[in-house]
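Asker: Below is a structure I'd like to ask you about.
Protein chains in written order, with our numbering: chain H, 39 to 357; chain S, 39 to 357.
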């Protein structure tokens with residue numbers, strides 16, 4: 039090995055050691071083995087399809103070990119759940135949906151439970167619970183769509199940052215076997231900050247005086263993910279800002295730093311009708327009329343990224 | 039007015055000024071008038087009954103004005119939603135249920151939406167959505183109970199600490215007209231800390247360096263609530279700690295400080311099978327076998343507090 043290669047090797051090792059050290063201080067979820075087994079079985083069963091891993095919803099970071107309080111990231115899970123639904127509708131994908139417990143889910147997202155329950159009634163003649171006639175058409179449409187794709191959807195939940203990161207890493211081990219057929223669509227709102235467990239209060243913090251909290255930066259796992267965990271997959275990340283002026287710059291920087299294929303950039307207040315797809319060489323905006331509720335922007339995003347993924351697979355295979 | 043009364047008057051005014059100043063810096067929800075009107079109409083329509091205000095679920099505190107991140111209090115809303123259900127079942131109460139958006143609700147709490155959706159199917163013969171036979175008995179029971187009491191339940195949601203506090207204060211103006219017939223069952227997990235709006239970051243905080251956050255104490259609104267807003271009502275507060283050793287002491291201190299009638303004290307890990315009802319003069323524990331899933335502890339808590347409330351009404355009227 040020449041000197042440059044030796045240097046590269048050593049900086050790679052340093053990076054891997056750092057990320058391992060970060061994971062080592064987090065609480066490892068107990069069900070990782072079972073998640074990996076389920077994901078592997080799912081990918082094998084759907085080996086005739088492309089596989090997408092869609093992450094969705096926000097992660098929490100506890101501020102006490104016996105957790106009463108936590109910091110959360112705003113996200114209802116609309117982007118991830120809607121995109122999963124459109125990916126399934128293409129019939130080209132099986133989707134692993136890694137989502138925040140209780141956040142929106144594909145298909146069921148169309149109804150609040152209140153809406154659903156208020157349309158159930160006990161029929162006095164048959165003494166059976168029935169669905170109101172007025173609610174039948176919409177419900178029937180959604181259930182039919184859901185049944186069509188239920189074998190192509192694997193749902194896995196997380197709540198805390200630790201659960202999210204460990205599960206994501208575990209799933210990449212399975213996805214890496216699929217090469218360029220795997221797409222990672224990382225729409226979850228992952229915390230940038232955390233309190234290292236050794237600095238956490240053990241009990242509920244008492245409210246006798248003002249509170250100062252000190253958060254450390256979460257290392258960007260997107261870098262080891264792209265470089266080491268799934269180097270052959272098509273990786274898409276999302277960038278949400280509230281300040282439009284810094285959005286594109288941050289998206290470009292992310293591509294340079296992490297070396298993945300595509301950043302979908304969006305601004306908090308306009309995210310439902312405008313996104314910009316940023317690659318290393320260009321950017322493309324997708325916009326819908328904000329008054330229009332006939333079409334969801336996720337349908338257009340998915341159509342666009344599916345095409346990009348196909349091109350990516352083609353490019354890889356012809357190398 | 040003699041000197042002692044003058045002093046009292048002036049300390050009362052100071053307290054009111056302080057709490058007004060605190061409210062003045064918070065963001066006032068826009069729908070307060072409509073909430074008050076609905077609540078008043080609800081109380082008039084149910085004037086033959088006692089009225090309970092049950093608060094439930096955790097409040098959030100934003101850490102950015104354009105909020106991407108917030109601190110949340112852990113609470114699924116089990117205590118409040120289950121207690122509301124049992125209060126309604128007594129048929130003696132109409133309940134205003136002030137709950138965190140998306141937290142558990144009375145009746146529907148028995149099913150996750152996943153569970154419900156997975157038991158719906160399109161019948162190929164009738165082409166109608168039907169409920170699976172296996173799921174009929176449980177669903178029928180819950181829906182029948184829900185229908186019985188739907189006119190006695192008013193649901194109002196909150197998310198942030200500001201929304202919770204403003205709405206609570208607004209509702210007490212309506213409840214105060216009912217004297218001792220009103221019961222306040224304050225089971226919501228309300229944040230003890232907040233970041234004053236003038237100290238909030240305007241945009242999403244950038245993740246280029248570690249983050250220090252400084253929280254101020256939220257003034258205890260229980261004190262003005264008991265002293266000024268609903269002085270004649272039966273007020274119950276909850277105390278949750280993770281450290282059992284300080285729990286009873288803190289409950290007693292709360293009673294002394296706020297002057298209300300009852301604290302229901304519980305410890306995070308045992309809260310589903312043990313609570314202690316603490317008054318100024320005694321304490322009473324309610325415990326169920328933790329293996330027993332036939333009975334919920336809220337049923338026993340409600341039976342106990344209903345009796346205490348009746349005694350309270352009787353004592354007040356015979357004064």
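Cβ atoms here follow ideal geometry from the backbone N, Cα and C, with glycine treated the same way.
Where does residue 345(S) land, buried or exposed, given buried means 16+ other C-beta within 10 angstroms?
Answerer: The residue in question, residue 345(S), is exposed, as its Cβ has fewer than 16 Cβ neighbours within 10 Å.
Asker: Buried or exposed for residue 72(S), going by 16 or more other Cβ atoms inside 10 Å?
Answerer: Label assigned to residue 72(S): exposed.
Asker: Who are the neighbours of residue 105(S) on chain H, taking C-beta pairs under 9 Å?
Answerer: Near residue 105(S) (Cβ distances below 9 Å), the residues of chain H are 112, 280 and 306.
Asker: Under 7 Å, CB to CB, which of the residues in the stretch 172-200 of chain S have a partner in chain H?
Answerer: From the stretch 172-200 of chain S, only 174, 177, 178, 181 and 182 have a Cβ closer than 7 Å to chain H.
Asker: Going straight from the alpha carbon of residue 286(S) to that of residue 316(S), what length do you get?
Answerer: The alpha-carbon atoms of residue 286(S) and residue 316(S) are separated by roughly 8 Å.
Asker: I want to verify the contact list: residues of chain S whose CB lies under 8 Å from the CB of residue 212(H), in sequence order.
Answerer: Residues of chain S passing the Cβ test: none, with the nearest at roughly 24 Å.
Asker: Counting pairs of beta carbons, one from the stretch 190-210 of chain H and one from the stretch 59-79 of chain H, are three or more of them closer than 8 Å?
Answerer: Output reads yes: the stretch 59-79 of chain H touches the stretch 190-210 of chain H.
Asker: If contact means a Cβ-Cβ distance below 9 Å, which residues of the stretch 243-256 of chain H contact chain S?
Answerer: Those would be 243, 244, 245, 246, 247, 248, 249, 250, 251, 252, 253, 254, 255 and 256, in chain order.
Asker: Residue 304(H) to residue 138(H), Cα distance in whole Å?
Answerer: Computed Cα separation, rounded: 20 Å.
Asker: Step through the CB atoms of chain H and report whether any lies within less than 8 Å of the CB of residue 39(S).
Answerer: With a pLDDT of only 49 at residue 39(S), under the threshold of 50, the placement of this residue in the model should not be trusted; the figure read from the coordinates follows. Judged by the 8 Å Cβ criterion, residue 39(S) is not in contact with chain H.
Asker: Can you look up residue 77(S) in the DSSP assignment and give me helix, strand or coil?
Answerer: DSSP places residue 77(S) in helix when its eight states are reduced to three.
Asker: Spell out a yes or no on whether the stretch 126-143 of chain S and the stretch 81-92 of chain S are touching, meaning 3 or more CB-CB pairs, one atom from each, closer than 8 Å.
Answerer: Enough Cβ pairs lie closer than 8 Å, so yes.
Asker: Report the option in 307(S), 223(S) and 169(S) whose CA atom is closest to the CA atom of residue 177(H).
Answerer: Here the closest residue by C-alpha is 169(S).
Asker: Relative to chain H, which residues along the stretch 216-231 of chain S have a C-beta separation below 7 Å, given in chain order?
Answerer: Against chain H - using a Cβ distance shorter than 7 Å - the residues of the stretch 216-231 of chain S are 230 and 231.
Asker: Taking only three categories from DSSP, how would you classify residue 96(H)?
Answerer: Here residue 96(H) sits in strand by DSSP.
Asker: Give the residues of chain A in contact with residue 158(H), contact being defined as C-beta atoms less than 8 Å apart.
Answerer: The structure shown contains no chain A; its protein chains are H and S.
Asker: Which residues mark the beginning and the end of the beta strand (DSSP E) in which residue 193(H) is found?
Answerer: Start and end: 191-196.
Asker: Kindly say whether residue 293(H), judged by its beta-carbon, lies nearer than 8 Å to any beta-carbon of chain S.
Answerer: Not one chain S Cβ lies under 8 Å of residue 293(H).
Asker: By the 10 Å Cβ neighbour count, where 16 or more other Cβ atoms means buried, how is residue 172(S) classified, buried or exposed?
Answerer: Flag for residue 172(S) reads exposed.
Asker: Of all the beta strand (DSSP E) runs that stay within the bounds of the stretch 268-294 of chain S, which reach a length of 3 or more residues?
Answerer: Qualifying beta strand (DSSP E) stretches, in chain order: 272-279.
Asker: When the Cα of residue 306(H) is compared with those of 117(H), 353(H) and 197(H), which residue comes out closest?
Answerer: The residue with the shortest Cα to Cα distance from residue 306(H) is 117(H).
Asker: Of the choices 181(H), 197(H), 158(H) and 107(H), whose alpha-carbon is the least far from that of residue 114(H)?
Answerer: Taking only the C-alpha atoms, the option nearest residue 114(H) is 197(H).
Asker: How about residue 359(H): is its C-beta nearer than 8 Å to some C-beta of chain S?
Answerer: Outside the shown range of chain H (39 to 357) lies residue 359(H), about which nothing can therefore be said.
Asker: What's the gap between the Cα of residue 142(H) and the Cα of residue 123(H)?
Answerer: Between residue 142(H) and residue 123(H), the C-alpha separation is close to 11 Å.
Asker: Cα separation between residue 102(S) and residue 149(H)?
Answerer: In a straight line, the C-alpha of residue 102(S) is about 30 Å away from that of residue 149(H).
Asker: Quick one: grab the DSSP three-state call for residue 265(S).
Answerer: If DSSP states are grouped into helix, strand and coil, residue 265(S) belongs with the helices.
Asker: Quick check: residue 273(S) and residue 298(S), are their CB atoms within less than 8 Å of each other?
Answerer: In this structure, residue 298(S) lies closer than 8 Å to residue 273(S) by Cβ.
Asker: Hey, does residue 109(H) have any beta-carbon neighbour from chain S nearer than 8 Å?
Answerer: Chain S, which has a Cβ nearer than 8 Å to the Cβ of residue 109(H), makes this yes.
Asker: Is residue 311(H) close to chain S? Criterion is C-beta to C-beta, closer than 8 Å.
Answerer: With 8 Å as the cut-off, residue 311(H) does not count as an interface residue toward chain S.
Asker: Mind reading off the beta-carbon distance from residue 328(S) to residue 311(S)? Whole number of angstroms is fine, and I expect it under 8 Å.
Answerer: Right, their Cβ atoms sit about 4 Å apart.
Asker: Is the beta carbon of residue 227(S) closer than 8 Å to that of residue 278(S)?
Answerer: Cβ atoms of residue 278(S) and residue 227(S): closer than 8 Å.
Asker: Tell me, to the nearest whole angstrom, how far the beta carbon of residue 366(S) is from that of residue 145(S); I am working on the premise that it is less than 8 Å.
Answerer: Residue 366(S) cannot be examined here, being either before or after the span of chain S that is shown, 39 to 357.
Asker: Just list the residues that DSSP pairs residue 166(H) with in beta bridges.
Answerer: DSSP lists 161(H) as partners of residue 166(H).
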